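Heads up: the structure comes next, in structure tokens.
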Amino acid sequence: MKVFSRRLLFIVILIAALLPSRAQDVTSPRPAKQVLTIVLPLYLDSAFDGAGQYRFGKQFPKYFLPGLEFYEGVQLAVDSLNKEKLPLEVHVVDSKSKKSIFDVLQEPALQSANLILAQVANNEIRAFADFATKKQIPFINVNLPNDGGITNNPFMVILNSTLATHCEGIYKFLQKNHAGSTVIVFRKAGAQEDRLRNYFNDVEKSTTGPKVKIRWVTLPSTFTADQLTPYLDSGKTTLCVAGSLDENFARTLCAQLSAIHTEYPVQVMGMPTWDNIKEFDRKDFKDLEILYTTPFNPLRTDPLSESINTYFRDKLYSRPSDMVFRGYETTYRFGRLLVEMGPNIASGIGVKKYKVFTDFDIQPVLLDKQKQQLDYFENRKIYVIKKLNGVASTVF
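Numbered by mature numbering (1 follows the signal peptide of the UniProt record, and there is no 0), the letters in the sequence shown go through residues -23 to -1, 1 to 373 in order.
Here it is as structure tokens:
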């Protein structure tokens, strides 16, 4: 049986097991439990017809994967929590059933929740945030790196750090490692790029310590290496930052710098979106040092990571995705914290305990410093990853 087919079969069985109950307890029953409810886009109604038959034959829609992979991590974490015999009840709710998101929020598993972990879409953030405020319980957004326009909500937590926080992390890295030299930021024209530049300007104004010398260079829509070399130095390494989230711009910039980096030594620093650019592992970028930021620790060398990798290799004939690890660490960490904190979980959500893979640094965010209003909480931990010849390592 092919590797993909074996894992596909497992996931289809997993969906079928979930189908009879849109919100189910995946722990064994115990009295006096805290309730952790996890909301995921599982698309169960789309996957199966009224008779319970899988609709897609041998096909497997890609949009199923994020929710299901996260759920795989949830299952493994629940196994670990059960071994510790904790008084915790874990429910899983499908946010992509035929019900509206407002009807989903009326599910008993959500009405009884003490804490919500949710993999949300942009148009769902406000509904969950309002629900959390009404119930006075934390809502942890595990995937989207934005606030959805939410303010004055101390019950919302953004785990996947916002772009502003990434810019702050990049600036602090530059302060520590490149304070004495000029950093070149190559960008293209655009509203998003202007917003990113404003984030850097805001960080520069508010951060103490030495200022970073930044030179901003706006490139045309198509550019060559000849348009980059005037800003580079053949006698020393220049750090170049890509001031855009556009992945095509990133590929072009790195390709042009790779072509000349033996003559003009460079390091290239990019945005969090670069984590998804697999082309950077190719020989076309040989010996080019590529840096990017991420709020989640991507290195899998600890014993727990190795055991998860082994389980997937031996049982499922596949590799676990990042969403599997995120599902595990959020379920385990916040499940343990919920059991310990109980009704005080909202005020203790940032307590640095029960680390699994990532050193989460959950801090209050005040968007308007003059108002001194707590708008939400956010993970402020930013890792800087260096990728060289396909090998990733943490440098900050």
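Ideal Cβ placement from N, Cα and C applies to all residues, glycine included. What you are looking at is a predicted structure, and each value in this text was computed from that prediction instead of being measured.
CB-CB under 7 Å to residue i, same chain, minus the five flanking residues each way: which ones, in chain order?
i, result
"LYS364", "PHE257, ILE267"
"PRO197", "none"
"GLU240", "SER211"
"ASN366", "LYS263, ASP264"
"LYS75", "ASP22"
"PRO187", "GLN152, ALA156"
"THR214", "PRO242, VAL243, GLN244"
"THR142", "GLU355, ARG357, ILE359"
"ASP171", "none"
What are the residues that DSSP puts in a beta bridge with residue i?
i, result
"ASP71", "LEU17"
"TYR269", "ILE362"
"CYS217", "ILE161, VAL245"
"TRP193", "VAL162"
"TYR353", "VAL342"
"GLU66", "VAL12"
"THR371", "ILE362"
"ILE135", "ASN118, GLU355"
"ILE93", "THR14, PHE116"
"PHE25", "TYR31"
Nearest to residue i by alpha carbon, out of the options?
i, options, result
"LYS112", "MET133, GLU101, LEU173", "MET133"
"LEU314", "ASN178, GLU46, ASN91", "ASN91"
"VAL69", "LYS60, LEU87, GLN83", "LEU87"
"ASN175", "PHE79, LEU140, GLY186", "LEU140"
"PRO64", "GLU317, ALA98, ASP179", "GLU317"
"ALA219", "THR201, PRO207, ILE237, GLN244", "GLN244"
"ILE191", "ALA168, ALA156, ARG172, LEU205", "ALA156"
"residue 455", "ALA323, LEU281, ASP203", "Outside the displayed range of the chain (-23 to 373) lies residue 455, so it cannot be described from this structure."
"ILE359", "GLU170, ARG290, THR271", "THR271"
"ARG296", "GLU46, LEU205, PHE37", "GLU46"
"VAL81", "ILE15, ASN137, ILE117", "ILE15"
"ASN135", "SER158, ARG103, VAL160, PHE150", "Residue 135 is actually Ile in this sequence, not Asn. The residue with the shortest Cα to Cα distance from ILE135 is ARG103."
"GLY146", "VAL361, ASP223, VAL368", "VAL361"
"ASP223", "LYS10, LEU121, PHE108, ALA168", "ALA168"
"PHE337", "PHE108, TYR294, SER138, ALA232", "SER138"
"PHE105", "PRO341, THR214, LEU17", "LEU17"
"VAL368", "ASN286, THR159, ARG259, ASN118", "ARG259"
"THR185", "LYS213, TYR148, GLN204", "TYR148"
"VAL51", "LEU121, LEU230, CYS231, GLY312", "GLY312"
"LEU216", "VAL342, PRO85, VAL160", "VAL160"
"VAL189", "ASN154, ALA202, ILE339", "ASN154"
"PHE373", "THR195, ILE326, PHE273", "PHE273"
"GLN340", "ILE117, LEU230, LYS182", "ILE117"
Under 8 Å Cβ to Cβ from residue i, same chain only, skipping five residues before and after it: list those, please.
i, result
"LEU42", "SER298, MET300"
"SER(-3)", "Low per-residue confidence applies at SER(-3): pLDDT is 42, beneath 50, and the placement is therefore not dependable enough to give any value."
"TYR309", "ALA54, SER57, LEU58, TYR331, VAL333"
"TRP193", "VAL162, ARG164, ARG174, GLY220"
"ALA227", "ALA219, SER221, GLY247, MET248, THR250, TRP251, ILE254"
"ILE114", "ALA90, ASN91, LEU92, ILE93, PHE132, ILE322, ALA323"
"ALA109", "ILE93, PRO115, PHE116, ASN130, PHE132, MET133"
Where does residue i land, buried or exposed, given buried means 16+ other C-beta within 10 angstroms?
i, result
"GLU61", "exposed"
"LYS165", "buried"
"THR371", "exposed"
"PHE79", "exposed"
"PHE302", "buried"
"PHE33", "exposed"
"ARG357", "buried"
"ASP345", "exposed"
"GLY319", "exposed"
"ALA95", "buried"
"SER284", "exposed"
"TYR305", "buried"
"TYR40", "exposed"
"THR199", "exposed"
"SER77", "exposed"
"GLN11", "buried"
"LYS329", "exposed"
"LEU205", "buried"
"GLN233", "buried"
"LYS73", "buried"
Excluding the 5 residues preceding and the 5 following residue i in the sequence, name in chain order all residues of the same chain whose CB lies nearer than 6 Å to its CB.
i, result
"SER235", "PHE262, LEU265"
"residue 430", "No statement about residue 430 is possible, as the shown extent of the chain runs from -23 to 373 and does not include it."
"HIS238", "LEU265"
"THR307", "LEU94, VAL119"
"GLU49", "VAL301"
Cβ of residue i less than 9 Å from any chain C Cβ?
i, result
"LEU268", "Going by chain labels, chain C is absent from the structure shown, which holds only one protein chain."
Are three or more beta carbon pairs between the stretch 115 to 134 and the stretch 351 to 359 nearer than 8 Å?
yes
Examine the Cβ distances between the stretch 26 to 41 and the stretch 270 to 278 and report whether three or more of them are shorter than 8 Å.
no
Could you tell me whether the stretch 118 to 126 touches the stretch 98 to 108, where touching means 3 or more Cβ pairs closer than 8 Å?
yes
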